[in-house]
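These notes are about the structure you will find just below.
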Amino acid sequence: MRRVNKPRSDGVIVADISLVDPKAVGKSLTVVVTVELDHERLDLVDDFKRAMRAAKEVTQCYMVTRRRLLCADCGR
Numbered sequence: 001m002r003r004v005n006k007p008r009s010d011g012v013i014v015a016d017i018s019l020v021d022p023k024a025v026g027k028s029l030t031v032v033v034t035v036e037l038d039h040e041r042l043d044l045v046d047d048f049k050r051a052m053r054a055a056k057e058v059t060q061c062y063m064v065t066r067r068r069l070l071c072a073d074c075g076r
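Just so you know, we're using the UniProt record's numbering here: the sequence shown kicks off at 1 and counts up by one.
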């Protein structure tokens with residue numbers, strides 16, 4: 001753990017991430033993410049919204065501002 005704790009305390013490691021296999025858990029998983037777009041161009045926002053509608057994993061998507069969206073992703 002010493003090899004991990006020093007970089008973590010120095011700010012080199014900024015996050016720890018775990019990947020969960022829903023099949024192993026036997027339950028679905030709900031994930032809420034914030035997406036921030038680089039530009040406020042309406043065509044880019046529309047493209048992103050179309051992509052979210054087409055993604056079967058995305059069950060909800062809310063526009064908070066023109067550049068920031070919240071999406072709920074339900075795993076299988």
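Cβ coordinates follow ideal geometry from the N, Cα and C atoms, glycine included. Nothing here was measured: the structure is a model prediction, and the numbers come from that model.
May I have the straight-line CA-CA distance separating Y62 from K6, to the nearest angstrom? Walking along the sequence shown from the start, residue 62 turns up at place 62. Walking along the sequence shown from the start, residue 6 turns up at place 6. The straight-line gap separating the alpha-carbon atoms of Y62 and K6 is approximately 39 Å.
What alpha helix (DSSP H) runs, 4 residues minimum, are completely inside the stretch 18 to 70? Listed in chain order, the complete alpha helix (DSSP H) runs (minimum 4 residues) inside the stretch 18 to 70 are 22 to 25 and 42 to 54.
Can you tell me whether DSSP reads V4 as helix, strand or coil? In the sequence shown, counting from the first residue as 1, residue 4 sits at position 4. In the structure shown, V4 sits in a helix (DSSP, three-state: H, G or I).
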